[in-house]
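Note sheet for the following structure.
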Amino acid sequence: MTQKKLRSSEWFGTADKNGFMYRSWMKNQGIPDHEFDGRPIVGICNTWSELTPCNAHFRKIAEHVKRGISEAGGFPVEFPVFSNGESNLRPTAMLTRNLASMDVEEAIRGNPIDAVVLLTGCDKTTPALLMGAASCDIPAIVVTGGPMLNGKLEGRNIGSGTAVWQLHESFKAGEINLHQFLAAEGGMSRSAGTCNTMGTASTMACMAEALGTSLPHNAAIPAVDARRYVLAQMSGARAVAMAREGLSLSKILTRQAFENAIRVNAAIGGSTNAVIHLKAIAGRIGVPLELEDWTRIGAGTPTLVDLMPSGRFLMEEFYYAGGLPAVLRRLGEHGLLPHPEALTVNGHTLWDNVKDAPSYDDEVIRPLDKPLLPDGGMRILRGNLAPRGAVLKPSAATPALLQHRGRAVVFENLEHYKERIVDESLEVDADSVLVLKNCGPRGYPGMAEVGNMGLPPKLLRRGIKDMVRISDARMSGTAYGTVVLHVAPEAGAGGPLLAVQDGDWIELDCAGGRLHLDISDEELARRLADRAAQAARGAPAVRGGYAGLYVQHVLQADEGCDFDFLVGCRGADVPRHSH
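Structure, rendered in structure tokens:
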């Protein structure tokens, strides 16, 4: 078979002035002549940063990737890209997901790279790197940093992120004191890696594996397990072969691959953020994906993985129980894997990779006749309050609240919520519906993870643990509750959420996919007209810069929150010479 001409040959394969320049400056790193013999050049796209704690161990992972590239006859080149860590970055890492994807796209296209290994970990780094690589459509393989070890507190396991929400509510309810609350800090995050719950980082790692963009078991191997480094080395070697084969992302990120991922998200009890991120990735590679696909494909899928925040266990147990391959096998054996023939980065089909996968613990990865939840598919809600859709995660919700009617308690923005929620005179009860506005893509800006509003302390003290909450925000994948998210269009774009007032009746019908504000169409139109000038009320002033670009060009949640000018695949044609 004739090997496809490599992109890098346009830099290093010519005996002229330009070839001289490209080779000579690379040689200042001590690279000998024989390294420029036409071997594939494999980029290692590294999101390492000490400000991104989940990815702070990536330098070691990169070294193992390099070993794999070198042993397979490739030329490894490591390069940094913007690392948008969830835990430190304000106002939200979602604000810079698209920025990171632009960094990745331009770094790949403008450099002599034939294939790329994407080092991902913290929530937004996985979609950002896949979006950027998809826009170039070169061979790419994902290596995730892996989850942290189980958190520990007073002899029991606690989940990263999930423990914060649980313990803080207990503190507000007066069930624990401040010392007990703060004592969990060290034990919750006690090793390198991402959140050990089925939060957004673990969900997107599973999505990458279900899409076929990583080797089997990439999603769940703990960060500090030596097998994580073995997988990194194997992935580096495989990237060299992909470059020679011309196995580009468009051959893997097909419509069939996305349908598999949607089904898997239901089976693992995955994060609501996957709805936004998969839409954005699909948009970059030119695959049509709509909110209705989540209902059509995900509905009726049992949740098999018993992990926090929906269940009991953590990612460490998930890996020991068999990891994602065990889940995929169970789905496939019962005809629930939509496209087992989908191609993956190792050149085999998804089913070939998992058909013999063992499962070691039926408590962690449940049999289909004993699921954690009979139907774990994301619910897409529509109605006059969310004409373009909203999202709810049933596996994290209280079943009794999935059919609910209550009066709205409205917060105009996050600051208003923080001020008002602690007011002992607030007119609120367990049947109320908490409504938060101006926290969407444009209104915040960036669509922060504030949708899982903490409950009023006076209700927590009465033992109330959940209420219906509605917003145009997102929530952490580690969070839980009957939380309606991603309302589109958002209040900051003049959506119907802007019109909600205290005391309005709101109806939630999860089974029927309905979210309704109980006022007439005429009243809704009148309110929106009156408040059109207040569409961005409470939003921080944006005075140009990247934030200004973001607000001007970001799409709504139902469209994946990508920039309008970034949607689509632009390829990786070799640019003109720089000299």
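The numbers in numbering that gives the first Met the number 0 rise by one with no breaks, and the one at position 462 of the sequence shown is 461.
The beta carbon of each residue, even a glycine, is placed where N, CA and C say it ideally should be.
Item	Value
In angstroms, rounded to a whole number, what distance separates the CA positions of K171 and P456?	6 Å
Report the partner residues of H403 according to the DSSP bridge assignment.	L507
Give me the Cα-Cα distance between G67 and N217, rounded to the nearest whole angstrom.	16 Å
Could you check which residue in K464, A447, G439, L148 has the C-alpha nearest to that of D430?	K464
Should the segment 295-314 be called in touch with the segment 229-248, which here means at least 3 C-beta pairs below 8 Å?	no
Please report the distance separating the alpha-carbon of K354 from that of M233.	21 Å
Taking buried to mean at least 16 other C-beta atoms within 10 Å of its own C-beta, is V390 buried or exposed?	buried
Measuring CB to CB, does G235 end up less than 9 Å from A71?	yes
With the cut-off set at 9 Å, would you say R473 and E489 are in Cβ contact?	no
Tell me which same chain residues have a C-beta within less than 8 Å of the C-beta of V41, skipping the five on either side of it?	I68, G73, F74, P75, V76, I112, D113, A114, V115, V116, G235, A238, V239, A242
Under 9 Å between the Cβ atoms of S100 and L128?	yes
Among H338, A396, H333, which one has its Cα closest to the Cα of D368?	H333
Could you pull the start and end residues of the beta strand (DSSP E) that H485 belongs to?	482-487
What separation, rounded to the nearest whole angstrom, lies between the Cα atoms of K436 and G491?	8 Å
Can you find at least 3 beta carbon pairs, one from the segment 42-57 and one from the segment 139-153, that sit closer than 8 Å?	yes
Using a Cβ-Cβ cut-off of 7 Å (strictly less than) and excluding sequence neighbours within five positions of R460, which residues of its own chain qualify?	A172, G173
For N272, count neighbouring C-beta atoms within 10 Å of its own C-beta (all shown protein chains included) and say buried if the count is 16 or more, exposed if not.	buried
Which value, in whole angstroms, describes the spacing of the CA atoms of K392 and P39?	44 Å
What number of angstroms, rounded off, separates the C-alpha of I518 from the C-alpha of C194?	42 Å
Report the three-state DSSP secondary structure of P366 (helix, strand or coil).	coil
Using 10 angstroms around the beta-carbon of A204, count the other beta-carbons present and answer buried if the total reaches 16, otherwise exposed.	buried
Quick one: using the 10 Å Cβ neighbour count with 16 as the cut-off for buried, is A279 buried or exposed?	buried
With DSSP as the reference, label A183 as helix, strand or coil.	helix
Tell me the rounded alpha-carbon separation between K16 and R542.	45 Å
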